[in-house]
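Engineer: Below you'll find the structure I mean.
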Amino acid sequence: MTSVAPAANQTAPLYAQVAFPVHLNKAFTYRLPQSLQQVARVGSRVVAPLGTKPLTGYIVALLPRLRSGTSLIESEIKEVQELLDVDPPLSTEVLEITRWVADYYAAPWGEVMRAALPAGINATVEQAVSITERGRETLSNLETSGPAKARTNALQLLAAEGEFELNTFCLRIGAAKTPQWLREMETAGLIERSYRSRSTVTRVKRRKAVRLAKSEGGESQSGNKRMTPAQQRAIEVLRVNRDTMAVSDLIKSANISDSVVRTLAKRGFVTEFEEDVRRDPLSRAELPNAEVFKLTNAQTLALRSIEKRLSEGLFATLLLHGVTGSGKTEVYIRAMQAALDLDRGAMMLVPEIALTPILSRRLRAHFGGQIAIFHSSLSKGERFDEWSRLRSGQARVVLGTRSAVFAPVQNLGVIIIDEEQDSSYRQEESPFYHARDTAIVRAQKESAVIVLGSATPSLESFHNAQGGKYEYLHLSERVANRPMARAEMIDMREVFARRKKPAVFSDELLSAIDQTHARNQQTIILLNRRGYSSFILCRSCGESINCPNCDVTLTYHQADRTLICHYCNHHQRAPSQCPTCASKYIYYVGEGTEQIEELLRQHFPTMRIGRIDRDTKSRRHQFEKTLLDFGKGELDLLVGTQMLAKGHDFPNVTLVGVVSVDAGLALPDFRAAERAFQLITQVAGRAGRGDLPGRVLIQTYHPHHYALRHACAQDYRGFYDEEIRHRRNHGYPPFVALALLLVRHKEATRAHAIAHQLRQALVEANRDHACRILGPAPAPFARLRGEHRVQLLIKSRSRKQMRVVIDAALAALEKSGQDLRSVTVDIDPVSMM
Ligand code: ADP
Ligand code: ZN
Ligand code: ZN
């Protein structure tokens, strides 16, 4: 690839290389028409024909001549049709980082660039038809009746009314789709088609405003006529509002009609103008008072280390390992402030911002208009405005979720990744990328400092800190000497033995809820459910069944009563007895949040109960409201999935109960134990954050499981030591690099055939055995959206060689005529589901 630096003012470029947001791993060369040669910039969007259709793409390089040795033939090169930006929306830094993502994750560059821009800016193109000179000449000679009548009518319509959008035009001439004869007329040069970006593209919103004229000279010019009381009122109100106001506001405040404003303007008392309106996602939010704490010693030490690195102006990664409630947020805020003080920008990423309305308000209270807020539930307009404020340098700090890693923050000085272990930093669709890892590379490219914060660092990050790759900062205690929450396990095997039937709630949990409520304190009830998978769990001894090769849970397939490993395709019959304790099997399928809520209402009819889960998440305001209501004490109990465990700070919550923690432990994923550990630790951190001590109850069939034992003891180190041993023994990250290759096809036989062919190609490319190739095996979701899914898992000690093998195999597959669109490459997969 060529350099992505903007074209210098040497010879104007004749060709542009364009990447499109489609599933293609290459850029295409186009000729630039004369009119665009001076104005085209790397990072700008263009419309150009790809195949038969015009498509929006991004200029990734400009060339004064074709590369020597290229196979392109001058006469076959198509032309760029339209330039959509004069100012490239992708800055050089952001373009660089998208290129890294495309390279590292083997993702189409165009898709990454699209993901890097706010949704509203992704213009689509529409086609317009108009009549040509030739068409007009012909028009007079055409018959107005007979078989050519339709053509004549069409031409007449175009001659009379000018240009039409293609679909509208077809409707006008009574055709459902573009008729063949219209294409013939185009070929004959009677009409022509053009392409333009659609007008619904998100733009700056504008409104009318007025400003008080400078010297009140207006009066003399307009002949000293006296003002009406309404006019006087308007002038008064304007003065009070520092001389400028939106017209609509002025009309409301001064209680006047709009004709008053028009007259004042005509008489020269005020000038009218248009101003940009900022769509502010927090415009109606109540902001908390910005509290000023005296930092604890541990906080001070951590902050100093970050500031020291900042002042060096070099790239550095720091791991801030702070127990829940140790005051990490305060350290983040001050680190970002320190970057601003050095005249540099700051970025903070959080896993899911809709969950933390309190955090965004707190940061807004601290940083005011300097901060831009990005997250998945902003409207297109809000998103575009926040993005524009960063691009222009008006805002210098960004708070956002995953995709905010591409935010155009200028002169980035510090990046904060809160809850760095969280799997939502990973995008689980193309382009696959991990925002934390991308942020580290971005920090490196921009000589910035990056702080990874967590109470439960990912194994990978802690391993890097152990090896000295990251600087390790530790906050080992909660602020203000608050006690660590205790977590206790409730053994559901005993509950089962006592009651002789499966129970959702143990008596212990029910009475704890009752007591908490009686003390006027709040409870959170959590379910651990990620995705859905059926597995076998013995209700007597708590064991599930693992793959002998892979150390992950086998998944139960009801249709043929088999257990299958989704990594290596090991099959075995589902036994009829527990292999550990010989008791009979019970298929465990976890309850949903709705059922739990219903059951709780039956048990506690007088309690005010709220629920939050993925279903309610789509309704953003409902979701936020439930959280804010709970924070205000208007709800007694909140039920939800694991997302409730993240980052909230509710001081009056003194009880957290986890129902069915086992559903997560038994996922067929080598990270299942790590996730369960993280969940319990985080959950424990939700209880007793105020001055009241907290209690955490975990219901489980696995009380002996090491992840649960260490989590209950709040012993990160103990868990890490045990888990890292497993990873080393079984060959999982951080000791090997992984890639997951997924083959999707409507026909099962095709999916399997392609997967086997892919395996063959991989084996051939893997002559020196740098990789272990597992599968093909059915994916955990073996059928999704009408497609059959088969996967291959690749492990290697050398990431580089792994890529060489994959790239060679895919190239061989493509050469054999296989369409690569049915294969997705997932480098460093996070969720193995
Ligand atoms: P963490 O993110 O590490 O879980 P928070 O940053 O949410 O912890 O801090 C926990 C609580 O302690 C918050 O209510 C916060 O306002 C408060 N806090 C943070 N730092 C201090 C301090 N230095 N003195 C007093 N209270 C603090
Ligand atoms: Zn058993
Ligand atoms: Zn296996």
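Taken in order, the sequence shown gives residues 372 to 1204; the numbers are from this note's numbering. Note that CB positions come from ideal geometry on N, CA and C, so glycine has one too.
When you compare only the Cα positions, how much space is there between Thr423 and Lys449?
Structural biologist: Against the sequence shown, residue 423 aligns to sequence position 52. Against the sequence shown, residue 449 aligns to sequence position 78. Distance between the alpha carbons of Thr423 and Lys449 is about 11 Å.
Engineer: Going along the chain, which unbroken runs of the beta strand (DSSP E) with 3 or more residues stay wholly within the region 408-483?
Structural biologist: Listed in chain order, they are 416-421 and 424-434.
Engineer: Could you give the distance in angstroms between the alpha-carbon of Glu968 and the alpha-carbon of Leu1145?
Structural biologist: To locate residue 968, count along the sequence shown from 1; it is residue 597. To locate residue 1145, count along the sequence shown from 1; it is residue 774. Those two C-alpha atoms are separated by around 42 Å.
Engineer: Determine whether the beta carbon atoms of Asp1199 and Leu1113 lie at a separation below 8 Å.
Structural biologist: Taking the sequence shown and counting its residues from 1, the one referred to as residue 1199 is at position 828. Taking the sequence shown and counting its residues from 1, the one referred to as residue 1113 is at position 742. Not in contact: Asp1199 and Leu1113 (Cβ atoms no closer than 8 Å).
Engineer: Kindly examine ligand 1 and report whether one of its heavy atoms sits closer than 7 Å to the Cβ of Val850.
Structural biologist: For the purposes of this step, residue 850 is taken as the residue at position 479 of the sequence shown. Yes - ligand 1 has a heavy atom lying nearer than 7 Å to the Cβ of Val850.
Engineer: In whole angstroms, give me the CA-to-CA distance for Ala945 and Phe745.
Structural biologist: The sequence position of residue 945 within the sequence shown is 574, counting from 1. The sequence position of residue 745 within the sequence shown is 374, counting from 1. Cα to Cα, Ala945 sits roughly 48 Å from Phe745.
Engineer: Is Pro435 near Pro384, with beta carbons less than 8 Å apart?
Structural biologist: For the purposes of this step, residue 435 is taken as the residue at position 64 of the sequence shown. For the purposes of this step, residue 384 is taken as the residue at position 13 of the sequence shown. For Pro435 and Pro384, yes; Cβs fall inside 8 Å.
Engineer: Scan the region 810-842 and note each continuous beta strand (DSSP E) run of 3 residues or more that stays entirely inside, going in chain order.
Structural biologist: Complete beta strand (DSSP E) runs here, min 3: 820-825.
Engineer: Taking the alpha carbon of Arg1168 as the point to measure from, which residue in Val1107, Ala559, Gly481 and Gly716 has its own alpha carbon closest?
Structural biologist: Stepping through the sequence shown from its first residue, residue 1168 is reached at position 797. Ranking the options by Cα distance to Arg1168, first place goes to Val1107.
Engineer: Which full runs of the alpha helix (DSSP H) of 4+ residues lie inside the region 1003-1057, going along the chain?
Structural biologist: Taking only runs of at least 4 residues, the alpha helix (DSSP H) segments lying wholly in the region 1003-1057 are 1033-1036 and 1043-1057.
Engineer: Have a look at Ser911 and Ser877 and give me their C-alpha separation to the nearest angstrom.
Structural biologist: Position 540 of the sequence shown, counting from 1, holds the residue named residue 911. Position 506 of the sequence shown, counting from 1, holds the residue named residue 877. Each residue's Cα considered, the two are about 16 Å apart.
Engineer: My output table needs one value for Ala390: the three-state DSSP class, helix, strand or coil.
Structural biologist: In the sequence shown, counting from the first residue as 1, residue 390 sits at position 19. Three-state result, Ala390: strand.
Engineer: Ligand 1 heavy atoms versus the CB of Phe362: any closer than 7 Å?
Structural biologist: Missing from the structure shown is residue 362; the chain here goes from 372 to 1204 and no further.
Engineer: What are the boundary residues of the beta strand (DSSP E) that Gln1070 is part of?
Structural biologist: For this step, residue 1070 is matched to residue 699 along the sequence shown. Unbroken beta strand (DSSP E) run through Gln1070: Arg1066 to Thr1071.
Engineer: Give a yes or no on contact between the region 662-676 and the region 841-855, applying the rule of three or more CB pairs nearer than 8 Å.
Structural biologist: Contact between the region 662-676 and the region 841-855 is present, because at least three Cβ pairs lie under 8 Å.
Engineer: In three-state DSSP terms, what is Phe686?
Structural biologist: Here residue 686 corresponds to residue number 315 of the sequence shown, with the count starting at 1. Here Phe686 sits in coil by DSSP.
Engineer: Quick check: does the Cβ of Phe664 come within less than 7 Å of any heavy atom belonging to ligand 1?
Structural biologist: Here residue 664 refers to the residue found at position 293 when the sequence shown is read from its first residue. Under cutoff, so the answer is yes.
Engineer: How about Glu879 and Leu1068: do their beta carbons lie closer than 8 Å?
Structural biologist: Walking along the sequence shown from the start, residue 879 turns up at place 508. Walking along the sequence shown from the start, residue 1068 turns up at place 697. In this structure, Leu1068 lies closer than 8 Å to Glu879 by Cβ.
Engineer: Rounded to whole angstroms, what is the Cα-Cα separation between Arg982 and Glu965?
Structural biologist: Within the sequence shown, the letter at position 611 stands for residue 982. Within the sequence shown, the letter at position 594 stands for residue 965. If you take the alpha carbons of Arg982 and Glu965, they lie about 8 Å apart.
Engineer: In the DSSP assignment, what are the bridge partners of Arg582?
Structural biologist: Here residue 582 refers to the residue found at position 211 of the sequence shown. DSSP lists Thr615 and Thr642 as partners of Arg582.
Engineer: Any residue with its Cβ nearer than 5 Å to a heavy atom of ligand 3 should be included. What is that list in chain order?
Structural biologist: Matched residues: Cys918, Asn920, Cys921, Cys936, Tyr938, Cys939 and His941.
Engineer: Compute the distance between the beta-carbons of Thr615 and Ala580, then report whether it is under 8 Å.
Structural biologist: Residue mapping note: residue 615 aligns to position 244 of the sequence shown, counting from 1. Residue mapping note: residue 580 aligns to position 209 of the sequence shown, counting from 1. Closer than 8 Å, so yes.
Engineer: How would you call Cys1142, buried or exposed, if buried means at least 16 neighbouring beta carbons within 10 angstroms?
Structural biologist: Indexing the sequence shown from 1 puts residue 1142 at position 771. By the 10 Å Cβ count, Cys1142 comes out buried.
Engineer: Would the beta-carbon of Gly481 be found less than 7 Å away from any heavy atom of ligand 1?
Structural biologist: As a working mapping, residue 481 is identified with position 110 in the sequence shown. For ligand 1, not one heavy atom lies less than 7 Å from the Cβ of Gly481.
Engineer: Let me make sure I understand the geometry here. Which of Met855, Asn852, Pro873 and Arg853 has the alpha-carbon closest to that of Asp862?
Structural biologist: For this step, residue 862 is matched to residue 491 along the sequence shown. Here the closest residue by C-alpha is Pro873.
Engineer: Do Ser1193 and His1116 have their C-beta atoms within less than 8 Å of each other?
Structural biologist: Working through the sequence shown from its first residue, we reach residue 1193 at position 822. Working through the sequence shown from its first residue, we reach residue 1116 at position 745. Against a cut-off of 8 Å, the Cβ pair of His1116 and Ser1193 comes out as a contact.
Engineer: Under 8 Å between the Cβ atoms of Arg582 and Glu645?
Structural biologist: As a first step, residue 582 is located in the sequence shown; it is residue number 211 there, counting from the start. As a first step, residue 645 is located in the sequence shown; it is residue number 274 there, counting from the start. No. Outside cutoff.
Engineer: Taking DSSP as the reference, what is the three-state secondary structure of Tyr1087?
Structural biologist: Position 716 of the sequence shown, counted from the first residue, corresponds to residue 1087. In the structure shown, Tyr1087 sits in a helix (DSSP, three-state: H, G or I).
Engineer: Is the closest heavy atom of ligand 1 to the C-beta of Ser825 under 7 Å?
Structural biologist: Translated into positions along the sequence shown, residue 825 becomes position 454. Answer for Ser825: no, Cβ out of range of ligand 1.
Engineer: Specify the secondary structure class of Ser591 as computed by DSSP and reduced to three states.
Structural biologist: Indexing the sequence shown from 1 puts residue 591 at position 220. Note that Ser591 scores 44 on pLDDT, short of 50, meaning its location in the model is unreliable; the coordinates nonetheless yield the value given after this. Note: Ser591 maps to helix in three-state DSSP.
Engineer: Just reading off the alpha helix (DSSP H) that Gly506 is part of, what are its end residues?
Structural biologist: Position 135 of the sequence shown, counted from the start, is the residue given in the question as residue 506. Unbroken alpha helix (DSSP H) run through Gly506: Glu504 to Leu510.
Engineer: Which of the three DSSP states, helix, strand or coil, is assigned to Val769?
Structural biologist: Your numbering for residue 769 matches position 398 in the sequence shown. Val769 falls in the strand class under three-state DSSP.
Engineer: If you draw a straight line from the alpha carbon of Thr887 to that of Val1029, how long is it in whole angstroms?
Structural biologist: Sequence index remark: in the sequence shown, residue 887 carries index 516 (1-based). Sequence index remark: in the sequence shown, residue 1029 carries index 658 (1-based). Rounded to whole angstroms, Thr887 to Val1029 spans 15 Å at the Cα level.
Engineer: For Thr1012, tell me which candidate among Arg1160, Ser501 and Val1027 has the shortest Cα-Cα distance.
Structural biologist: Locating residue 1012 in the sequence shown gives position 641, counting from the first residue. Answer by Cα proximity: Val1027.
Engineer: Considering only residues of the same chain and omitting the five flanking positions on each side of Ile896, which have a CB-CB separation below 6 Å?
Structural biologist: As a first step, residue 896 is located in the sequence shown; it is residue number 525 there, counting from the start. The answer, listed in chain order, is Val1010 and Gly1028.
Engineer: Between Ala617, Pro854 and Ala1122, which has its C-alpha nearest Thr695's C-alpha?
Structural biologist: As a working note, residue 695 is residue 324 in the sequence shown. Ranking Ala617, Pro854 and Ala1122 by Cα distance to Thr695 puts Pro854 first.
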